[in-house]
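A.B. asks:
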Amino acid sequence: MDNIAFGHARGFSNVCRTTLGQPQEVGVSNGQSRLVEEAPINIPVLQTRIKPAVPPKKSSLTTAAAHVDLQGEVYRLTRQIAQMGEEIRNSRTRAEDAQNALDKMLIDLISTRGDLDVQLQAKASLETTLFDLQQNFNRLEVEHQYKNNQLSAVSTTSSSRERQLEEELEKVNHELKEQAKQINARELENSKIAAQLEQETRKIEQYVDEISQLKALHVATSLAHVEEIEGLKAATDKKIQEENMKEERYCQEIKELKSSHIAMSKAHVEELERLKSTLAAELDAKTATKCTEEIEQLKATHITELEQQRQVKSFFKANSERLSKEIVDLKEANRTLEETLNSSMSDQYRGLRDAIEALQSTLDSKDRDIEELKDRERGLLLTISKLESGKKEE
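With the working numbering as the guide, the letters of the sequence shown map in order to residues 887 to 1280.
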């Protein structure tokens, strides 16, 4: 970028060489300045054929000398105008090279540092400056063409026309001096812009280094998070498997309790019927009536207990369905965790950890519910055993 800025400054410095005989102070990219000797315009002679001097009709030596001086002055003006046109074309070429260098420099800067408003404004200012230079060069080229058209009639015009041409040439020289001053000022401004661009480039390099460090830190943190989440995932899968095994075991125990309870209920009913018939045959009517009432109460108690057992079974079934649904939810949450792990960055680690902690608390709550179900199951079994012992005593 420094080389581009130096070449840009050198291009504009070369434009200043088209001055008119006075030294100019031209800035360069390193902040120093140097004096450039303004040489006369050095442009090839136009392809206009200069007519040979025609001998004067008069025999006067003064008239002949004046005519020769006039021809020499016309030749000198022709060479100077041709040199000025060539220098204008060279300046235009250098300006185009400078514009191409500026475009490349601006494209490289934009590709490395993004869309910065300050540099866009600088680019717009440079483009405006180049456009103004282009307009001035076009105007000078038109004026140069105009001078060439006037030159074709210089040999046949009077001395007043020659004086007018000299005045116009002086005006053009004055304009060229003004253009040189403007170019010097713009070159200083371009040097400042190049320094600003260099500062912005250093800032961008610093930002790139910081981003690389942050990226490395993020990769290391992400790997640690992935390992921790994999461990939590394995613990969650293990917990879910344990819950599934517990659920299957509880379902099997409930089925066994249900089948044993049905068998015991049938046996109890048969035993009650047999006791009723035996009591009716052995006891008298009053004792039989009393026993019948007691048996009816036992049957009512037994029916109530059966209803309670049905409620307990429905409770077990509801809890089993709820546990199954919660296990499905846990699996879905686990799958969501895996998807989140694949798509999230380190800033989402805290949310993942909270979700895993929530899942762990949910699993603990399920453990407590299962323990409560076991306690109720043990109470139900104790009640059934009490009923059986009471029936045996009766």
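In this text, a Cβ means the ideal position worked out from N, Cα and C, and glycines have one as well.
Would you kindly check if the distance between the Cβ of G971 and the Cβ of H1030 is under 7 Å?
C.D. replies: It is a contact, given that the beta carbons lie within the stated cut-off.
A.B. asks: Does the Cβ of I1079 have 16 or more other Cβ atoms within 10 Å, making it buried, or fewer, making it exposed?
C.D. replies: Its Cβ being crowded by 16 or more others within 10 Å, I1079 is buried.
A.B. asks: Where L947 and H953 are concerned, what is the direct C-alpha to C-alpha distance, given to the nearest angstrom?
C.D. replies: Each residue's alpha carbon lies about 10 Å from the other.
A.B. asks: Assuming A981 and F1023 are in contact, meaning their beta carbons sit under 8 Å apart, how far apart are those beta carbons, in whole angstroms?
C.D. replies: Indeed they touch by this definition, with Cβ atoms about 7 Å apart.
A.B. asks: Would T1015 and R1072 be called neighbours here (beta carbons separated by less than 7 Å)?
C.D. replies: Yes; because the gap between Cβ atoms is below 7 Å, this pair is in contact.
A.B. asks: So, under 8 Å CB-CB, I974 and L1026 are touching, yes? Tell me the CB distance rounded to an integer number of Å.
C.D. replies: About 5 Å separates the two Cβ atoms, so the contact holds.
A.B. asks: Please report how far the alpha carbon of R1254 lies from the alpha carbon of E1129, in whole angstroms.
C.D. replies: Whole-angstrom Cα-Cα distance: 12 Å.
A.B. asks: Please state the DSSP three-state secondary structure of S945.
C.D. replies: For S945, the predicted model reports a pLDDT of 48, less than 50, meaning its position is unreliable; a value from the coordinates is still stated below. Three-state result, S945: coil.
A.B. asks: Tell me whether E923 sits in a helix, a strand or coil according to DSSP, three-state version.
C.D. replies: In this prediction, E923 scores a pLDDT of 38, lower than 50, which makes its location untrustworthy; the coordinate-derived value is nonetheless stated afterwards. Coil, per DSSP.
A.B. asks: Should T1122 go down as buried or exposed, given a rule of 16 or more other Cβ atoms within 10 Å for buried?
C.D. replies: Classification for T1122: buried.
A.B. asks: Thinking C-beta only, is L992 closer than 7 Å to K1009?
C.D. replies: Against a cut-off of 7 Å, the Cβ pair of L992 and K1009 comes out as a contact.
A.B. asks: Any idea what DSSP makes of S1038, helix, strand or coil?
C.D. replies: Of the three classes helix, strand and coil, the one that applies to S1038 here is coil, per DSSP.
A.B. asks: What's the call for L1268, buried or exposed, on a 16-neighbour Cβ count within 10 Å?
C.D. replies: Label assigned to L1268: exposed.
A.B. asks: Please confirm whether K1033 and I967 have their CB atoms less than 7 Å apart.
C.D. replies: Yes, these two residues count as a Cβ contact at 7 Å.
A.B. asks: Going by beta-carbon coordinates alone, are L988 and L1012 separated by less than 7 Å?
C.D. replies: Going by C-beta atoms, L988 is nearer than 7 Å to L1012.
A.B. asks: Suppose the cutoff is 6 Å on Cβ atoms and the five residues either side in sequence are ignored; what does the same chain contact list for L1019 look like?
C.D. replies: So the qualifying residues of the chain are A981.
A.B. asks: Between E1054, E1084 and G1117, which lies nearest to L963 when the distance is taken from Cα to Cα?
C.D. replies: For the residues E1054, E1084 and G1117, the minimum Cα distance to L963 belongs to E1054.
A.B. asks: Hey, how far is the Cα of R1262 from the Cα of Q1194?
C.D. replies: Roughly 12 Å separates the two Cα atoms.
A.B. asks: Whose CA, out of V960, L1259, L1109 and Y961, lies closest to the CA of Y1136?
C.D. replies: The residue with the shortest Cα to Cα distance from Y1136 is L1259.
A.B. asks: Give me the Cα-Cα distance between A1102 and E1225, rounded to the nearest whole angstrom.
C.D. replies: Cα to Cα, A1102 sits roughly 23 Å from E1225.
A.B. asks: Measure the C-alpha to C-alpha separation of S1145 and D1250 and round it to an integer number of angstroms.
C.D. replies: About 31 Å.
A.B. asks: On the CB-based measure, 16 or more other CB atoms within 10 Å of its CB, does L1109 come out buried or exposed?
C.D. replies: Flag for L1109 reads exposed.
A.B. asks: Taking C-alpha atoms, which residue in I1126, E1156 and E1182 lies nearest to K1211?
C.D. replies: The candidate whose alpha carbon is nearest that of K1211 is I1126.
A.B. asks: Threshold first: 4 residues or longer. Then list the alpha helix (DSSP H) segments lying entirely within the region 963-1031, N to C.
C.D. replies: Segments of the alpha helix (DSSP H) lying fully in the region 963-1031: there are none.
A.B. asks: Using three-state DSSP, classify N916 as helix, strand or coil.
C.D. replies: In this prediction, N916 scores a pLDDT of 43, lower than 50, which makes its location untrustworthy; the coordinate-derived value is nonetheless stated afterwards. Reduced to three states, the DSSP call for N916 is coil.
A.B. asks: Which word fits A1149, buried or exposed, when buried means at least 16 other C-beta atoms lie within 10 angstroms of its C-beta?
C.D. replies: So A1149 counts as exposed.
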